[in-house]
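Participant: Every letter in the sequence shown is one number past the one before it in the working numbering, and letter 57, counting from 1, is 62. The structure follows.
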Amino acid sequence: MYFLVQANVYLDPDHYKIFDAFEELNIDYNVINIPPTAEKIDFETYRKDVFVYGSVTIARLAKQNTDWFPGSFYGGNHMYEVYSKYYGENLLNYKVSVHKISEELIWKNDELKFIKPYNEAKIFTGKVFSEPEWKDFVFESLANKFNRITEDSLVQISEAKRTIKEARLWIVGGQIIDAGYYKFNDNAPFEEKVSVDGLSFANEMIELFNLEEAFVMDICLTDEGWKIVEINCINSSGFYPNTNVKSIIKALNVYFSN
């Protein structure tokens, strides 16, 4: 398989690991820069067995190249309104409301809300906001002419919930290829490997709905057990320091080459 990788991914300090993996596995690849305002991928190749990796921009634009396989998995089943029908209350934020970012929200005293982008996953990072924090964020975002946030950008809002620990799982062909924690909260003890019960939960979710041939699932442990934090497009999901990038690239190459 042929990998087309975006070079200008500045927010992921572990992005370089993908190039090390290509060299070690002797896999063909090319590197391109894509401006945030690009309307198409300015790249030509005779290869059809292309997999793209980088920001949401390359993942979104690659959908135009319908002769590339697997190309990009952007959109489709990754939409909350699709996968929430299958995962239901196994989602950390199951009950959500959708609003334009410019809408005035109703807040209770000292209320916290979890707010994330609805259909453009990476226009900002979802997190817990207080009312003053959210109002400041909206004001600054709409005043910034260099991002993709507009008054009509949609956000999904849910109740803020406590998580104990969170992990990212890379799934190819229905199999968990790599799993690693990226966050421990409160006094949660450190674990080097994701617990067996966490992996069992993830496998149950994959059996419930194997969302794509390749995708990323973030899970968390809560006071109510394990939950899905969110589903991410594998073409634009970032690596963490403990991510085994070589295993992921090898799995993608083997699975889609067959």
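Virtual Cβ for every residue (Gly too), placed ideally from N, Cα, C.
Do the stretch 241-258 and the stretch 172-191 meet, that is, are 3 or more Cβ pairs less than 8 Å apart?
Facilitator: yes
Participant: Run through the stretch 112-192 for me and flag every whole beta strand (DSSP E) of 3 or more residues, listed as ranges in chain order.
Facilitator: 117-122, 132-135, 159-164, 170-177 and 180-189
Participant: I'd like to check one pair, residue 78 with residue 6: are the Cβ atoms closer than 7 Å?
Facilitator: In this structure, residue 78 does not lie closer than 7 Å to residue 6 by Cβ.
Participant: Go ahead and label residue 219 buried or exposed: buried means 16 or more other beta carbons lie within 10 angstroms of its beta carbon, across all protein chains shown.
Facilitator: buried
Participant: State buried or exposed for residue 240, treating a residue as buried only when at least 16 other CB atoms are found within 10 Å of its CB.
Facilitator: buried
Participant: From what residue to what residue does the beta strand (DSSP E) around residue 237 run?
Facilitator: 230-237 is the extent of the beta strand (DSSP E) around residue 237.
Participant: Going by beta carbon distance, what residues of the same chain come within less than 6 Å of residue 12, once the five residues before and after it are set aside?
Facilitator: 36 and 38
Participant: Taking C-alpha atoms, which residue in 209, 187 and 228 lies nearest to residue 246?
Facilitator: 187
Participant: How far does the alpha helix (DSSP H) with residue 252 in it reach, from first residue to last?
Facilitator: Judged by DSSP secondary structure, residue 252 falls within the alpha helix (DSSP H) whose first and last residues are 250-262.
Participant: What whole-angstrom Cβ distance do residue 123 and residue 160 have, given they're in contact under 8 Å?
Facilitator: Going by Cβ atoms, the distance from residue 123 to residue 160 rounds to 6 Å, so yes, they are a contact pair.
Participant: In the structure shown, what three-state DSSP assignment does residue 102 receive?
Facilitator: strand
Participant: Would you call the CB atoms of residue 154 and residue 128 closer than 7 Å?
Facilitator: Contact flag set, yes.
Participant: For the stretch 99-116 and the stretch 138-156, state whether three or more C-beta atom pairs, one from each stretch, are separated by less than 8 Å.
Facilitator: yes
Participant: Hey, quick one: how far does the beta strand (DSSP E) through residue 91 stretch, first residue to last?
Facilitator: Note, residue 91: premise wrong, no beta strand (DSSP E); alpha helix (DSSP H) at 85-92.
Participant: Please determine, among 102, 133 and 100, the residue with the shortest C-alpha to C-alpha distance to residue 116.
Facilitator: 133
Participant: Of the choices 173, 98, 201 and 222, whose alpha-carbon is the least far from that of residue 162?
Facilitator: Residue 98 is the option with its Cα nearest to residue 162.
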